[in-house]
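J.:
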Amino acid sequence: MATPFVLICGRSARQGRGINEGKFSEAYRSEIGRLRMASDDMARLGWSEGQRVRVTSRFGQVEVELAPAGPDELPSGIVFMAYGDPSSRLMGADTEGSGMPTSKGLDVDLEKL
Amino acid sequence: MSATRKIVSDATCTFCGCLCDDIELAVGDRRILKAKRACALGTSWFLNHVVDDRPACHVRGKPATVDEGIEQAAEILAHARYPLIYGLSDTTVEAQRVAVAIGDWVGACVDSTTSVCHGPTGMAMQSVGEVTCTLGEMRNRGDLIIFWGCNPAESHPRHFTRYSLMPRGMFVSGGRKDRTCIVVDVRRTKTAKAADGFIQIKPRCDFEALWALRALARDIALDPRQVEENTGQPLRVWQDLMDRMKSARFGVLCFGMGLTMTRGKHANSEALLALVRDMNRHTRFVCQPNRGHGNVAGADNVLAWRTGFPFAVNFARGYPRFNPGEYTATDVLARGEADAAMIVASDPMANFSQPARDHLKSIPYIVLDPHPTPTARHAAVWFTVAAYGISAGGTAYRMDNVPIRLRPALPSPLPSDEDILRAIESRVRALKSGDEEEPPLR
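From first to last, the protein sequence lines stand for chains A and B. Going by our numbering, the first sequence opens with residue 69, and the numbers climb by one from there. Going by our numbering, the second sequence opens with residue 1250, and the numbers climb by one from there.
Written out as structure tokens, the structure reads:
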């Protein structure tokens, strides 16, 4: 069953270093292919680190690996992904006249695979 | 590992908008061996560039000469009906200037990564203005530093130590202990952990929070229940922040894409710029958009002094027009309008929405990038260029619009962005004028 969350996409230090190591490097690809979730939410859902999760927005769908967020980093109901190809696939094309697609605060549904 | 051949002092790291210009590089035969004083991001930037024997040009995936690539690129651009020139934020001012000239010759849309960064802030500046300062003033005067929707601990790691929190400044002689730092964000980032206070707001509620602060700045009474419902924090938290802001001697509000990429976008930036303007009724207060790419501020400056507009510029009618949402790269691509493109130092095939990527993949485009990327992989013509700041010289603008001359440390046989763009411009001019021997001066 799909569970609704709000997705925040952003920069991470590991993703920043990964850009320099190469967009096709393992370090970069693993960082952008990871979804961080509050430990409380993981416990509530019975999900664990390393599990594959399907993330679905109104505009796209990706499969990523689940990882616990740092202590107190994320409140319940919010998940985080580093900027990259998977997070961009969840963005819509409409920029509402601004030129900027919405990539923070996206409504997503999560399913354990 | 090769031995150190030379030491280059005061090199500039062009990875992020801080443009730290105090880096000492130990340079070997084919790579930089050590980057003293660089942060983790800067170290990986310097140490992952290697002088090797890669071809300087690929045409449709196959190695080609630079001359062949120039000819192909010029043909693509000169014969396009609605070309797009995009990227530009990780190259020099000198290269940006030539890219804009090419856009003028071919009637292109010219847009930089600003449009998917602080583009909404640029729109807000046009309606509100910007009360700002240099990073040097922040360092020497700032006693209240607020980070709103940004995470410099991970995106600009030396921001704290060089400019905002740690330095002993002329009027903040005690350094960190003379400064108060507050973070406003939807998640407790690493930046929040370095702060004295953290205000966690609800996602998509920055606009409401900023307007609550604007009201408090003018002593307007607010409904506590509504404020908490709208922002996720009780009114007393915002009142406490406003009291601190009013009592600061020099307040600084640094903000990031937590505002521009979420609901509200330019309206969020507008609210923040207006709040900072309002605060100057009480004390000295400034703001500073934290800029990501090394020379994204340069792209804004160059486009502004070449065309009058900072991004989303269209030359189709022979004169520049500005309209975010219409002439911004992701929109032009997602609507399927561009029939050719030139991407300079950017990776839209990894960063744009799927409809925009699908269209880019369907049209001929040129890429200038030092590294293989998903965008370079699908290019009709890909020039492997010398990395700016490492192997190519020139000028870059720091996030506070201070221009800094680069000191490239690692010589490379690869051409610079500027070299390639000048050659393309020359050929485009010839093709557009129909007189290949002697193109007219413009």
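We put the CB at the ideal spot given by N, CA and C, even for glycine.
1) Roughly how many whole angstroms lie between the Cα atoms of Phe1420(B) and Lys1442(B)?
2) Tell whether a beta-carbon distance below 8 Å holds between Ala1327(B) and Leu1680(B).
3) Quick check: does the Cβ of Asn1572(B) come within less than 7 Å of any heavy atom belonging to the ligand SAH?
4) Ala135(A) CB to nearest chain B CB: under 8 Å?
5) Quick check: what's the CA-CA separation for Arg1555(B) versus Pro139(A)?
6) Tell me the rounded alpha-carbon separation between Arg1512(B) and Ser1251(B).
7) Which same chain residues, not among the five before or five after Arg79(A), have their C-beta less than 8 Å away from its C-beta?
8) Compile a chain-ordered list of the residues in the region 1471-1494 of chain B whose CB is closer than 7 Å to at least one CB of chain A.
9) Give the single residue among Ala1546(B), Arg1533(B), Leu1659(B) and Gly1585(B) whose Cα lies nearest to the Cα of Glu1386(B).
10) Are the C-beta of Gly160(A) and some C-beta of chain B separated by less than 8 Å?
11) Who are the Cβ neighbours of Arg1676(B) in its own chain at under 7 Å, not counting the five residues just before and after it?
12) Among the residues of its own chain, which have a CB less than 6 Å from the CB of Ala1590(B), if the five just before and after it don't count?
13) Going by the beta-carbon positions, is the gap between Pro169(A) and Gly160(A) smaller than 8 Å?
14) Of all the residues that make up the region 83-94 of chain A, which are near chain B by a beta-carbon distance shorter than 9 Å?
15) Would you kindly work out how many angstroms separate the C-alpha atoms of Ile1281(B) and Arg1254(B), rounded to a whole number?
16) Could you tell me how far apart the beta carbons of Ser166(A) and Lys1285(B) are, in whole angstroms, since I believe they sit closer than 8 Å?
17) Classify Asn1650(B): buried if its beta carbon has 16 or more other beta carbons within 10 angstroms, exposed otherwise.
18) Taking the beta carbon of Glu131(A) as the centre, do at least 16 other beta carbons fall within 10 Å, making it buried, or is it exposed?
19) Taking 8 Å as the cut-off, does the region 1474-1482 of chain B touch the region 1438-1456 of chain B (at least 3 CB pairs, one atom from each stretch)?
20) Per DSSP, what kind of secondary structure is Leu1690(B) in: helix, strand or coil?
21) From what residue to what residue does the beta strand (DSSP E) around Ala1589(B) run?
22) For the region 1535-1553 of chain B against the region 1421-1433 of chain B, are there 3 or more C-beta pairs whose distance is under 8 Å?
23) Is His1367(B) closer than 8 Å to Cys1267(B) when the C-beta atoms are compared?
24) The beta strand (DSSP E) spanning Arg82(A) covers which residue range?
25) Beta carbons nearer than 8 Å to chain A: which residues of the region 1620-1653 of chain B have them?
26) Can you tell me whether Gln1475(B) is buried or exposed, with buried defined as 16 or more other CB within 10 angstroms of its CB?
27) Given this structure, state the Cα-to-Cα distance separating Arg1691(B) from Arg1570(B), to the nearest angstrom.
28) List the residues of chain A whose Cβ lies closer than 9 Å to the Cβ of Glu1457(B), in chain order.
29) Name the two residues that bound the continuous beta strand (DSSP E) containing Arg102(A).
30) Let me see if you follow: with CB-CB separation under 8 Å, is Asp1302(B) close to chain A or not?
31) Excluding sequence positions up to five away, which residues of its chain have a Cβ less than 6 Å from the Cβ of Phe1601(B)?
32) Distance check for Arg1436(B) and Leu103(A), CA to CA, integer angstroms please.
33) Thinking just about the alpha-carbon of each residue, which of Phe1295(B), Val1257(B), Asp1339(B) and His1307(B) is nearest to the one in His1627(B)?
34) Considering Lys78(A), what are the terminal residues of the alpha helix (DSSP H) in which it resides?
35) Roughly how many angstroms separate the alpha carbons of Glu1317(B) and Pro1559(B), rounded to a whole number?
T.: Put simply:
1) Roughly 25 Å between the two C-alpha positions.
2) yes
3) No copy of the ligand SAH appears in this structure; indeed no ligand is present at all.
4) no
5) Roughly 48 Å separates the two Cα atoms.
6) 51 Å
7) Ala150 and Tyr151
8) none
9) Arg1533(B)
10) yes
11) These residues qualify, in order along the chain: Ile1319, Glu1320 and Ala1323.
12) For Ala1590(B), where only same-chain residues beyond five positions count, the Cβ hits under 6 Å are Leu1333 and Tyr1614.
13) yes
14) Gln83, Gly84, Arg85, Gly86, Ile87, Asn88, Glu89, Gly90, Lys91 and Phe92
15) 10 Å
16) Contact flag wrong, Cβ pair sits at about 41 Å.
17) Around the CB of Asn1650(B), fewer than 16 other CB atoms lie within 10 Å, so the residue is classed as exposed.
18) exposed
19) yes
20) With a pLDDT of only 45 at Leu1690(B), under the threshold of 50, the placement of this residue in the model should not be trusted, and no figure is reported.
21) Ala1589 to Val1593
22) Touching, no, given that fewer than three Cβ pairs across the two stretches are closer than 8 Å.
23) The answer is no: Cβ separation not under 8 Å.
24) No beta strand (DSSP E) holds Arg82(A); the alpha helix (DSSP H) holding it covers Ala81 to Glu89.
25) The residues in question are His1620, Pro1621, Thr1622 and Pro1623.
26) exposed
27) Here the model assigns Arg1691(B) a pLDDT of 42, short of 50, so the residue's position is not dependable, and the following value carries that caveat. So the two alpha carbons sit approximately 20 Å from each other.
28) In chain order: nothing, as chain A lies at least about 13 Å away.
29) Arg102 to Met105
30) Chain A, which has no Cβ nearer than 8 Å to the Cβ of Asp1302(B), makes this no.
31) Thr1579
32) Cα to Cα, the separation comes out at about 14 Å.
33) The residue among Phe1295(B), Val1257(B), Asp1339(B) and His1307(B) with its C-alpha nearest the C-alpha of His1627(B) is His1307(B).
34) A small fix is needed here, since residue 78(A) is Gly in this sequence, not Lys. Careful: Gly78(A) lies outside any alpha helix (DSSP H), inside the beta strand (DSSP E) at Thr71 to Gly78.
35) 33 Å
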